[in-house]
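Numbering (full-length UniProt numbering), first residue to last: 1 to 291.
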């Protein structure tokens with residue numbers, strides 16, 4: 001089997017899996033048959049269409065060979081007919097989507113390389129080809145796209161491009177390279193789903209948002225440790241106001257606590273120590289009376 005036949009078979013597998021995920025998603029939203037077929041065509045062929053437009057590759061695949069459009073519509077109708085057998089919706093949906101993502105990532109990479117592009121454009125083509133159809137499907141189904149979730153998704157396409165080009169650089173046969181890349185991308189996606197692996201999440205908290213209780217406890221422990229260190233070493237907190245928030249510009253001495261009562265300052269605590277004599281500066285009525 002030559003590479004062109006292998007890629008054609010993989011393309012049919014990819015659009016079939018993506019069309020099935022679209023039909024399942026349309027069924028969850030209670031769409032009619034036209035909505036099911038339209039969503040299936042948008043999901044199965046949308047990613048490749050966007051890729052070809054960006055890379056200026058014409059004619060479009062499904063325009064040149066309309067048989068692919070018929071395959072997508074047939075897969076959607078078969079899914080609707082056998083929907084009563086699909087009890088595990090989420091598991092089946094994610095597995096089919098992982099197959100489509102892996103296949104389209106490899107196809108996008110190969111198309112970009114055939115057009116004379118380098119690694120960066122190949123990664124972009126793989127991501128667009130592998131992700132765009134699913135994004136369109138989820139948006140039309142009123143769901144948050146999987147690519148915006150915490151699990152590894154778009155990065156799987158980048159991994160597929162890296163593995164594909166790395167194996168070609170090592171001189172591995174192209175058919176073997178395609179199969180190994182597919183297995184690597186598909187396995188990584190399933191592992192990411194099972195263990196909920198994902199990239200680091202950026203979370204911005206404004207001043208008006210409450211602090212995480214665990215972070216608040218960490219800050220309290222850090223301040224307590226700084227106070228103990230200052231007492232042991234005689235650290236001059238007045239000279240280093242950044243480390244002692246009670247001596248900043250706003251001033252925390254005597255600031256009310258959560259109950260609304262005024263918290264005593266250090267001078268108040270020293271003055272109220274038992275057995276400590278109150279010393280007042282000399283006034284008009286005597287040395288021990290306040291002025």
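Beta carbons are placed, not taken as given, at the ideal position from N, Cα and C, and that holds for glycine.
Segment contact: the segment 12 to 20 against the segment 85 to 105, three or more CB-CB distances shorter than 8 Å; contact assigned. For residue 64, the enclosing alpha helix (DSSP H) starts and ends at 61 to 64.
Taking the CA atoms as reference points, residue 43 sits about 20 Å from residue 151. Residue 128 is positioned such that its CB atom lies no closer than 8 Å to that of residue 46. Between residue 133 and residue 85, the alpha-carbon positions lie close to 25 Å from each other. When C-alpha distances from residue 21 are compared across 37, 9 and 204, the shortest belongs to 37.
Here residue 107 is buried, its C-beta having at least 16 other C-beta atoms within 10 Å. Excluding five sequence positions before and after residue 180, the CB atoms of its chain that fall closer than 8 Å to its own CB belong to 163, 167 and 172, given in chain order. Inter-residue distance for residue 141 and residue 120 is about 31 Å (C-alpha atoms, whole angstroms). With a threshold of 16 other beta carbon atoms within 10 Å, residue 56 falls short and is exposed. Classified as exposed, residue 176 has fewer than 16 neighbouring CB atoms from the shown chains inside 10 Å of its CB. By the CB criterion at 8 Å, residue 91 and residue 123 fall outside the cutoff.
Within the same chain, and ignoring the five residues on either side of residue 93 in sequence, the residues whose Cβ sits closer than 6 Å to its Cβ are 21 and 24. Counting only residues of its own chain and dropping the five nearest sequence neighbours on each side, residue 143 has a CB closer than 8 Å to the CB of 25. Just measuring C-alpha positions, the residue of 146, 115 and 125 sitting nearest residue 135 is 146. Measuring C-alpha to C-alpha distances from residue 196 to each of 221, 165, 149 and 82 identifies 149 as the nearest.
Between the alpha carbons of residue 54 and residue 114 lies a distance of about 15 Å. Under the DSSP assignment, residue 182 falls in the alpha helix (DSSP H) whose first and last residues are 174 to 195.
Going by DSSP, residue 147 is part of no alpha helix (DSSP H) at all; its letter is neither H nor E.
The Cβ atoms of residue 39 and residue 49 do not sit closer than 8 Å to each other. In the three-state reduction of the DSSP assignment, residue 140 falls in the helix class, which pools H, G and I. With contacts defined as CB atoms closer than 8 Å, residue 51 and residue 111 qualify as a contacting pair. Residue 19 holds the alpha-carbon nearest to the alpha-carbon of residue 69 among 29, 201, 19 and 154.
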